[in-house]
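Protein chains in written order, with the numbering used here: chain H, 1 to 179; chain X, 1001 to 1072. Using N, Cα and C, we set each Cβ at its ideal position, and we do this for glycine too. In this text the structure is predicted, and so the values were computed from the model without any measurement. What follows is a single structure, written as structure tokens, with notes after it.
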Amino acid sequence: MPALEQQSDVLQQFARGELGAFESLFRQYQGEVYRWVVRIVRDPAAAEDLTVETFWRIFRAHARFDPKRNFGGWARRIATNVALDHLKSARLSVPLEEDPPAGAVQDPAIQQSLRQCTERAFSMLPAKLQSVVTLALIEERSYQEIADALGISVGAVKVRVFRAVRMMRKQLKQMGVEP
Amino acid sequence: MNDKSDERIRELLKQALPPVRYELQRDLWPQMLERLQTRAAAVPWFDWALVALLAIWLVASPAIIPLLLYQL
């Protein structure tokens, strides 16, 4: 049986609520969903729980799923909502212990202070702006991809990025940082 | 994002919060299955409401209890 036909069967079985089909989709998409969620929440441990929460919501919504639709896109949109809910409840992103990218080397103390101010300004953004900033400016995902994941228009994504940058600039100025 | 200030904010963000490149390290299916089983075992709220109604009914009309016991 061709792969596409087989996938279509799995999607139809999933829509009927068959656990085997759900397991098959889970195994196929868990990595993709996890990578998307971890980009938004920036916390690998929380991202695992949120991946499970995403699939739990997916399973509950099986009857509403149209097998002709793209499962990956649908899963990504649900994952984005789950990640946003997490950001709203946490209101604090845990910085990952990664080396900053190589760039212009400045005084380490100034650099550290700048990083802290930027992190603070970022953490003060509302969750929906945080997620857009993360995806658009840090992860450099396309506006179209972000719009699809959030279920909004490309124009709305641009407006959110603009608002977020304006808010961050204002916060940084209040902290004495002139961006 | 077309003026220098916006570009600077993007730079600052990337320095403070570098892009994350994490891959899933383990299969989450056992966790998912556990979640499904826990939720499946949970008693729906409607069942609890029926039990509560029955309890209220029995308290309000205790005379019905022997009749119910006889039926059982």
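{"Query": "Neighbouring residues, chain H, relative to residue 1020 of chain X (Cβ below 7 Å)", "Result": "38, 39, 42 and 96"}
{"Query": "Proximity below 8 Å, CB of residue 168 of chain H to CB of residue 122 of chain H", "Result": "yes"}
{"Query": "Three CB pairs or more closer than 8 Å across the region 1027 to 1044 of chain X and the region 132 to 148 of chain H", "Result": "no"}
{"Query": "CA-to-CA distance, residue 27 of chain H to residue 15 of chain H, given in whole angstroms", "Result": "17 Å"}
{"Query": "6 Å CB neighbourhood of residue 139 of chain H in its chain, flanking five on each side removed", "Result": "39"}
{"Query": "Minimum Cβ-Cβ distance from residue 1005 of chain X to chain H less than 8 Å", "Result": "yes"}
{"Query": "Beta-carbon contacts of residue 1071 of chain X that lie in its chain and below 8 Å, excluding the five residues immediately before and after", "Result": "none"}
{"Query": "Residue 55 of chain H: first and last residue of the uninterrupted alpha helix (DSSP H) it sits in", "Result": "44 to 60"}
{"Query": "Interface residues of chain C facing residue 1031 of chain X [CB-CB closer than 7 Å]", "Result": "Here chain C cannot be found, since the structure's protein chains are H and X."}
{"Query": "Proximity to residue 162 of chain H [Cα-Cα], best of H:133, H:24 and H:79", "Result": "H:133"}
{"Query": "Any C-beta of chain X under 8 Å from that of residue 145 of chain H", "Result": "no"}
{"Query": "CB-CB length for residue 37 of chain H against residue 79 of chain H, believed under 8 Å", "Result": "5 Å"}
{"Query": "Same chain only: Cβ atoms within 8 Å of residue 48 of chain H, ignoring 5 sequence neighbours per side", "Result": "34"}
{"Query": "Best match in X:1021, X:1043 and X:1028 for proximity to residue 135 of chain H [C-alpha to C-alpha]", "Result": "X:1021"}
{"Query": "Nonlocal neighbours in the same chain, by C-beta distance under 8 Å from residue 158 of chain H, ignoring five residues either side", "Result": "143"}
{"Query": "Residue span of the alpha helix (DSSP H) that contains residue 1006 of chain X, given as start and end", "Result": "1004 to 1016"}
{"Query": "Burial state of residue 1039 of chain X, where buried means 16 or more other Cβ atoms lie within 10 Å", "Result": "exposed"}
{"Query": "Assigned secondary structure, residue 24 of chain H (DSSP; H/G/I helix, E/B strand, else coil)", "Result": "helix"}
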